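Comments concern the structure below.
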Amino acid sequence: MRDEPRSGCAINAAVEALGDQWSLIVLRDVIFGGRRHFRELLTHSTEGIASNILSSRLKALLAGGLLTQEETGRGRRATYSLTEAGIQTVPIMVALGSWGMRHRPTTPELTVRARLLEEGGPSLWEDLMDELREVHLGTPRPRPDRPLASTVLQAAYERALAEAS
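So for the sequence shown, our numbering puts the first residue at 401; every next one is plus one.
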């Protein structure tokens, strides 16, 4: 990943940082799947990412300031955390999911989160981002009395799986 974008265009700068399909899938799995270790990201990839591609994308996301990596000792697995810039990709992921469920073939169980996020609007996105800030940055949620967005999304996914069976 370049330090400077090819042009001063904001769309170009974002595409250079996020435009690779695997980078977005890795971010999706960290944000929505709670996967924070290399092995989890590799073995739970619905799309079947190869280990060399995953390694390359993690390095790019680290270099691009979207993830950080906990320093580990020998034999310990590294933990990846979202940065504030990574957390702020949530509205982008929502927009991509909304577009995908309208214009591409999808399955109900893998689209349910996108539908809920679209319907929940910015309020649900903020709840999710606040939860991610708590988990990844250690910043307490400003509204701890509200249900965890991840719990709401996971429950909807599990219901959709049960209905598909």
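For glycine and all other residues, C-beta sits at the position ideal for the given N, C-alpha and C. None of the values given here were measured: they were computed from a predicted structure.
- Residue 457 is positioned such that its CB atom lies closer than 8 Å to that of residue 426.
- Across the structure, residue 564 and residue 555 are spaced so that their CA atoms are roughly 14 Å apart.
- Put simply, the backbone Cα of residue 507 is about 22 Å away from that of residue 435.
- Assignment of residue 469 by DSSP, reduced to helix, strand and coil, places it in the strand class.
- Fully enclosed alpha helix (DSSP H) runs of no fewer than 4 residues occupy 484-487, 490-503, 508-532 of the region 455-533, in order along the chain.
- Close CB contacts of residue 441 within its chain, under the 7 Å cut and outside five residues either way in sequence, are with 426, 429, 435, 454 (chain order).
- For residue 477, the number of other beta carbons within 10 angstroms of its own is below 16, and it is reported as exposed.
- Of the residues assessed, residue 513 falls on the buried side of the cut-off, its CB having 16 or more other CB atoms within 10 angstroms.
- If you draw a straight line from the Cα of residue 534 to the Cα of residue 479, it is about 15 Å long.
- At the C-beta level, residue 493 and residue 515 stay beyond 8 Å of one another.
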